[in-house]
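Below: one structure, written as structure tokens.
Number of protein chains: 2
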Amino acid sequence: MNASRTARDRARAELTREITEEARRQVASEGAQRLSLRAVARELGMVSSALYRYFPSRDDLLTQLIIDAYDGLGEAVEHGDDGIPAADPRGRWTAKCAAARTWAIAHRHEYALIYGTPVPGYQAPEATVGHASRVPVALLGVVKDALDAGLLAEPPARRHALDPELAAQGELAASLVAIDLPPAAAVRAVIAWSQLSGMIGFELFGTFAGSFDPADAFFSEAVARMADLVGLPDGG
Amino acid sequence: MNASRTARDRARAELTREITEEARRQVASEGAQRLSLRAVARELGMVSSALYRYFPSRDDLLTQLIIDAYDGLGEAVEHGDDGIPAADPRGRWTAKCAAARTWAIAHRHEYALIYGTPVPGYQAPEATVGHASRVPVALLGVVKDALDAGLLAEPPARRHALDPELAAQGELAASLVAIDLPPAAAVRAVIAWSQLSGMIGFELFGTFAGSFDPADAFFSEAVARMADLVGLPDGG
DNA sequence: CGTTGTCGAGAGCACTGCTCTCGCTTGCCT
DNA sequence: AGGCAAGCGAGAGCAGTGCTCTCGACAACG
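Structure representation (structure tokens):
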């Protein structure tokens with residue numbers, strides 16, 4: 001028996017899909033700000049009020065798009081290193097970062113939806129956190145694999161150890177995503193992740209305009225330096 | 001003779017100021033998305049159409065707020081290291097980064113205005129770039145001072161030199177802000193700047209919720225690691 | 001002193017998210 | 001098989017938005 005049995009259920013699922021697709025199209029081409037329920041309804045040949053049978057509000061429709069965007073980026077990053085040997089963690093890291101950038105450039109408005117300014121008054125429902133964590137999980141996974149394979153460089157000895165509160169948070173963060181990693185390594189990976197996000201944001205939102213404009217070279221350099229920071233071995 | 005002579009001119013300047021102030025108040029409390037010309041006019045006891053005598057469109061009012069935000073953050077960062085001896089470039093760097101974060105937290109919506117998702121269809125007028133560059137200029141200035149004082153560590157010898165295109169862009173970027181810095185140093189500083197921006201964004205927009213939630217310790221660690229990357233000497 | 005340009009008010013246009021009511025259809029239960 | 005409740009789309013309507021245009025009043029300049 002099919003998941004959706006009755007004709008009504010099937011129609012509902014179909015229409016829900018069509019609505020999100022048209023909405024995604026609008027967001028992709030015009031940005032989330034310009035997403036209009038009425039325009040979506042118009043495009044689908046229905047009246048705007050009918051749309052509320054499927055999404056109780058504009059924010060709920062946006063939430064669906066946000067989840068989809070998290071999944072799209074997450075999947076791109078998860079598979080960004082396909083075909084790269086496990087023995088080359090730096091290569092995997094680099095490929096995943098490049099995949100994130102490529103996806104972000106190809107879906108700039110959807111990327112802005114998840115890593116840009118949150119819609120005011122809107123706070124991410126619980127439902128999104130699992131999808132949101134796919135990218136950091138994928139990045140931390142590379143570090144974890146490198147550690148397990150004995151390929152993770154020890155951070156250079158520092159005068160001071162990690163701040164105790166930070167160590168606790170690092171451990172908590174790693175445990176939240178079910179990746180067993182020493183806090184120092186987790187913290188460094190998160191530093192790199194935030195750098196990645198900042199850099200992509202700069203490129204996408206025009207901060208680099210006029211300087212590192214085709215940002216390819218800058219991106220490569222930054223990813224390499226972050227790989228250094230994380231402790232991934234410089235292969236070759 | 002005063003800059004604004006006639007009563008009309010003075011009244012105009014005064015009202016322009018009042019409008020931007022009320023608009024800033026709205027943005028600060030509700031976010032740029034919720035800035036409403038009609039609400040501003042209402043609050044000022046005038047009718048909405050009258051507002052168009054002062055700002056030709058909502059975007060122009062937003063542009064003014066964006067410039068003000070750039071200046072506010074810029075000034076905070078420029079003076080964030082006041083009182084810290086020039087002989088301590090790492091201390092100055094750390095203080096400036098902390099000042100940026102403090103300002104961002106205190107003015108989250110204004111920060112989002114400049115480093116968050118740009119308003120769709122809106123592109124920063126030429127007039128903004130000077131204001132926008134104050135933060136990177138301030139950060140690069142610390143690096144430049146360290147270099148001049150012979151306090152900037154040489155980047156560890158790398159197998160490959162900087163990509164030629166990247167070196168050219170780095171040189172161009174440094175020259176754009178009139179700071180004479182070797183490309184490699186400039187690039188590293190910009191990497192650190194983008195990390196700073198990404199990290200502040202994560203904290204502000206809730207990406208860290210549930211892990212590095214009071215982000216103070218994480219922030220300190222990240223700033224320190226970026227200071228390492230830039231080559232600022234670990235004092236003490 | 002008169003002309004010109006600026007100003008605020010008001011009406012109005014096209015659009016938005018959202019609500020409510022009204023019939024029609026579908027599907028489940030008896 | 002029949003009936004009732006739930007789901008559905010259409011339409012009208014509300015309160016709000018950015019923005020335009022016109023009109024009468026006032027200030028500034030020649």
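As given, the protein sequences belong to chains W and A, one line each in that order.
For the first sequence, position 200 matches number 200 in full-length UniProt numbering, and the numbering has no gaps at all.
For the second sequence, position 43 matches number 43 in full-length UniProt numbering, and the numbering has no gaps at all.
Don't be surprised by glycine CBs; every beta carbon is placed ideally from N, CA and C.
Query, Result
"Distance between Leu151 of chain A and Ala189 of chain W (C-alpha atoms, nearest Å)", "28 Å"
"Cut-off 8 Å between Cβ atoms - residues of its own chain near Arg24 of chain W, not counting five sequence neighbours on either side", "Leu65, Asp68 and Glu110"
"For Ser49 of chain W and Val119 of chain W, the rounded distance between their alpha carbons", "23 Å"
"Contact check, Trp103 of chain W vs Ala76 of chain W, beta carbons under 8 Å", "yes"
"Residue span of the alpha helix (DSSP H) that contains Thr63 of chain A, given as start and end", "Arg58 to Glu78"
"Local conformation of Pro209 of chain A per DSSP, three classes", "The identity of residue 209 of chain A in the sequence shown is Ala, whereas the question assumes Pro. Of the three classes helix, strand and coil, the one that applies to Ala209 of chain A here is coil, per DSSP."
"Residue range of the alpha helix (DSSP H) that includes Thr102 of chain A", "Pro89 to Ala106"
"contact_flag[the segment 91 to 107 of chain W, the segment 219 to 232 of chain W] where n(CB pairs < 8 Å) is 3 or more", "yes"
"C-beta neighbour in chain W for Phe212 of chain A, strict 8 Å", "yes"
"Backbone secondary structure at Ile84 of chain W - three-state DSSP", "coil"
"Test item: CB-CB of Leu181 of chain W and Ala174 of chain W under 8 Å", "yes"
"Beta carbon of Thr63 of chain A nearer than 8 Å to that of Thr128 of chain A", "yes"
"Residue interval of the alpha helix (DSSP H) (run including Gln26 of chain A)", "Ala7 to Glu30"
"Pair within 8 Å by beta-carbon distance, Pro233 of chain A and Ala153 of chain A", "yes"
"Reference Pro155 of chain A; option with closest CA among A:Ala132, A:Ala106, A:Val223 and A:Ala186", "A:Ala186"
"Contact residues within the UniProt domain \"HTH tetR-type\" (13 to 73) of chain W, judged by C-beta distance below 9 Å to chain A", "Glu30, Gly31, Ala32, Gln33 and Arg34"
"Cβ-based burial, Tyr115 of chain W [other Cβ within 10 Å; buried from 16]", "buried"
"N- and C-terminal bounds of the alpha helix (DSSP H) containing Asp234 of chain W", "Careful: Asp234 of chain W lies outside any alpha helix (DSSP H) and carries neither H nor E."
"Residues, ordered as in the chain, of the segment 163 to 176 of chain W that lie near chain A by beta-carbon distance below 7 Å", "Asp163, Glu165, Leu166, Gln169, Leu172, Ala173 and Leu176"
"Beta-carbon spacing of Ala184 of chain W, Leu162 of chain W below 8 Å", "yes"
"Neighbour-count burial assignment, Ser133 of chain A, 16 or more Cβ in a 10 Å radius", "buried"
"Residue range of the unbroken alpha helix (DSSP H) whose run includes Gln169 of chain W", "Pro164 to Leu176"
"Chain-ordered neighbours of Ala98 of chain W on chain A, where CB pairs are closer than 7 Å", "Near Ala98 of chain W there are no residues of chain A at all, since even the closest Cβ is about 15 Å away, more than 7 Å."
"Alpha carbon of Ile191 of chain A to alpha carbon of Ala222 of chain W, nearest angstrom", "6 Å"
"Proximity test, Cβ basis, 8 Å: Gly206 of chain W and chain A", "yes"
"From W:Gly198, W:Ser36 and W:Leu172, residue whose alpha carbon lies closest to that of Gly210 of chain A", "W:Leu172"
"CB contact check: Leu139 of chain A to chain W, cutoff 8 Å", "no"
"N-terminal and C-terminal residue of the alpha helix (DSSP H) that Ser36 of chain A is part of", "From DSSP, Ser36 of chain A is part of no alpha helix (DSSP H); its letter is neither H nor E."
"Helix, strand or coil at Leu51 of chain A according to DSSP, with G and I counted as helix", "helix"
"C-alpha distance - Gln169 of chain W paired with Ala32 of chain A, whole-angstrom precision", "32 Å"
"Beta carbon of Ile179 of chain W nearer than 8 Å to that of Val137 of chain W", "yes"
"Contact set for Asp71 of chain A: own chain, Cβ-Cβ below 8 Å, skip 5 residues either direction", "His131 and Arg134"
"Sequence-distant residues of its chain with Cβ nearer than 8 Å to Arg58 of chain A (five each side left out)", "Leu35 and Leu37"
"Beta-carbon proximity list for Leu196 of chain A, same chain, < 6 Å, skipping 5 on both sides", "Cys97"
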